[in-house]
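One structure is given below, encoded as structure tokens.
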Amino acid sequence: MTTSSALSSDVQPVTELRFGRIPIVNVSPVIECGRFAAKAVPGEDLVIGATVFREGHDLVGVTAVLYDPSGQEVQRHRMQPVGQGLDRWKGLLRPEATGDYTFAVEGWADLYGTWHHNAEVKIAAGVDVELMLAEGAALFTAAAEGRSEADADVLRGTARVLGDTAVDPHARLAAAGKAELIGVLDREPIRDLVTSSPRFPVKVERDRAGRGAWYEFFPRSEGAVFDPATASWTSGTFRTAARSLDRVAAMGFDVIYLPPVHPIGTTHRKGPNNTLVAGPQDPGSPWAIGAAEGGHDALHPDLGTFEDFDHFVHTAAGLGLDVAIDLALQASPDHPWVTEHPEWFTTRVDGTIAYAENPPKKYQDIYPLNFDNDYEGLSAEILRIVLMWISHGVKIFRVDNPHTKPLRFWEWLITTVNRQHPDVVFLAEAFTRPPMMHALGMAGFQQSYTYFTWRNTRAELEEYFTEVSQETAAFFRPNFFVNTPDILTEFLQYGGPPAFKIRAVLASTASPLWGMYAGFELYEHVARPGAEEYLDNEKFEYKQRDFAAAEAADRSLAPYVTRLNQIRRSHPALGDLQNLTVHSSTDEATVVYSKHKQVRLSDPSSKDTLIIVVNTDPHSARESTVTLDLEALELDPQDFNEDGTFWVDDLISGASWRWGQYNYVRLDAHYEPAHILSVRRGR
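The sequence shown finishes on residue 683 if you use the UniProt record's numbering, and the numbering steps up by one all the way, no holes.
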């Protein structure tokens, strides 16, 4: 047989190989091959995954690397294997500021790991003993070059011990496993054949994009006055609504969300309980936007002027509240657009403009927009409106029904706005099929309403919590609203006060984003017959609520909600999405999950761990044995008591217990349906 150093003439060299020297595949979070950026907020742990392996039996190491917007490396953390024999690796990166970051995964030959494994096997068998120790000494001697003086001394000292033939071989090998050496190698491994994946995008947005507690009220109801003599109402205003902000801030909320504040049309105006005939005193639905006074860039005259609106925003900011307003891209028949831009709507064959329908529901007071007749003109007008509201201090837009508009429009609008105003946040109110909801997140929506509202059983909650925290977290940020003006679930209708506690605990602890609509804290639960909507719905009329009287009479959930928001602010583990682990219980109605976070990357002992146990049956007491995945809690030896238990403190009741892997729990829904347990560290 003859060989040649040159390729034969009919074999072409491969110039673009897909595999590097160390194969790296299935990197996550990577969305659509990197076409869209994964989402994060400052201080949030980004879970990095990859499949990394090599030929033969030598060991590999894997590192996750974070690059800042300028392309400079700012973090690298060693990844750990997941499972047995799967070649799957997992690690964490934690961006600390906003911006367009990238990350990569590096695979490399683990020279120390391979040598140490081989040395242990051969020395135990008495094979090549001195050769293995000599190879280790040479490895550490070479690795000392270019290191800090302290680390180099540790490596050279280990090399000297390995080369000392007067010492027992087993003792010499033990020196290569000491904690001091392992610490040096953890900081800077001995790497060869280093191979990097491509860099993948991560968009890090301000904290409010991924964390926060939302509260919704109608400004026209805050301060509204009813005159029984004339059976007429005087609308609340931005000034009277501003007086309610102290109450909202006192409960620990971060965002005050206002339904549309624009003029409301009179044509086909809806009356109480969505009736087709409105009386002269009926205010109409705020979502029927547009009248003679103006459209999306105008304020309803009953609410006040832009000076009054600016006062509301300023007052909210002084209390630490962001103001979110509704961006509802639709029009009443009286909107100026209808006459000035009829091409922005759909005209039917009989010459009428099509109104909104969601069979069997009909919205005769609302005209949907049609982007296909004048895409550029309509898009420019919406951008103008958004920028106008931003100029008045609005930084959050809750977008009504975004799934009924083109995805390419949202990608363009949000990208354009965020380039000028990167702190602006968009929330998608899209109760539709999962592919569209997920695509809206990829297109730029920072957060979204979810199906949490209808997930009530233990099985449903476990499945959904796992989905939103593990499977879609890179592009879909769930905002767990417990109710809305449109949604009053049967669980709340018939579950009594315990149901309200249960839903509040689940929403506020399972997701970094949660919200509630005014009246939830008063246990409002009476539905319009045959519907999951409130009777005497505030969408179509004014509401007067005496929050102070209810709290004084101990008929308010506000103190409980306040405590939940205090717990959220005090425990960093609740500020991340991807750190949720579901645990098991023997009772079909008792759901158990934990949230864990190492608070400071430089301090492994700075751990915040919560275990949440909730009785999802609002009608009874439930008993169960809870089985914990102790590995997920990352307990340290000093956390355990002498009997192998560890202390947990209930952040709701103040009680403390010794817990272990198996724990008896009894939760009476009528007394307290939930434990929020903080694992006590270091006893």
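The beta-carbon is built from N, C-alpha and C at its ideal position, and this holds for glycine as well. Computed from a prediction, not measured in an experiment: that's the story for all the values here.
Residue interval of the beta strand (DSSP E) (run including residue i)
i           : result
A50         : 46-52
L461        : First-last for L461: 458-466, but that is the alpha helix (DSSP H), not the beta strand (DSSP E).
residue 698 : Outside the shown range of the chain (1 to 683) lies residue 698, about which nothing can therefore be said.
Y67         : 60-67
Classification of residue i by the beta-carbon crowding that lies within 10 angstroms, buried from 16 upward
i    : result
K597 : buried
K361 : exposed
E521 : buried
I182 : exposed
E16  : exposed
S5   : Its pLDDT being 48, under 50, S5 is placed unreliably in this model, and the value from its coordinates should be taken loosely. Looking at its Cβ environment, which holds fewer than 16 other Cβ atoms inside 10 Å, S5 is exposed.
L630 : exposed
E376 : exposed
E32  : exposed
D151 : buried
M1   : The predicted position of M1 is uncertain, since its pLDDT is 38 and thus under 50; no value can be drawn from it.
R220 : buried
D668 : exposed
D326 : buried
G304 : buried
Beta carbon of residue i nearer than 8 Å to that of residue j
i    : j    : result
G236 : E222 : yes
Y367 : I353 : yes
F253 : L321 : yes
F500 : Y523 : yes
R563 : I652 : yes
L513 : F480 : yes
A527 : Q493 : yes
V41  : D207 : yes
R18  : L193 : no
R458 : T590 : yes
T625 : Y664 : yes
L580 : A510 : yes
N358 : F540 : no
G91  : Q80  : yes
G279 : K270 : no
T51  : V25  : yes
I414 : F445 : yes
A242 : F312 : yes
P201 : G34  : yes
Collapsed DSSP secondary structure at residue i in the structure displayed
i           : result
S508        : helix
M1          : Bear in mind that a pLDDT of 38 at M1, under 50, signals an unreliable position, so the model cannot answer this.
N273        : helix
P201        : strand
K178        : coil
P604        : strand
V613        : strand
F345        : coil
W287        : coil
L369        : coil
G294        : strand
residue 730 : Any question about residue 730 goes unanswered here, given that the chain covers just 1 to 683.
residue 711 : No answer is possible for residue 711: the residues shown for the chain start at 1 and end at 683.
A209        : helix
P406        : coil
E96         : coil
Option nearest residue i by Cα separation, candidates the options
i           : options                : result
E463        : S584, I487, L303       : S584
R666        : N273, G304, A621, N26  : A621
S606        : T581, S624, D636, V582 : D636
F36         : A443, F476, L628       : A443
A213        : L601, L580, V505, H525 : V505
T609        : G83, V679, M436        : V679
L628        : G660, V349, V154       : G660
H675        : F200, I611, Q578       : I611
D168        : A507, T195, K203, E130 : E130
V592        : V582, V599, A125, G290 : V582
A144        : A531, E188, I289       : E188
S391        : E44, D297, T645        : D297
residue 746 : P497, A507, A552, I487 : The structure shown has nothing for residue 746, since the chain only spans 1 to 683.
Span of the alpha helix (DSSP H), counted from its first residue to its last, around residue i
i    : result
A250 : 245-250
G568 : Checking the sequence shown, residue 568 turns out to be Arg, not Gly. First-last of the alpha helix (DSSP H) with R568: 558-570.
D310 : 306-318
P434 : 434-443
Q80  : Segment 80-82 is the beta strand (DSSP E) holding Q80; no alpha helix (DSSP H) there.
I382 : 375-390
Closer than 7 Å: residue i CB and nearest the ligand ADP heavy atom
i    : result
L329 : Inclusion of the ligand ADP in the displayed structure is not the case, the ligand content being empty and no account of it being possible.
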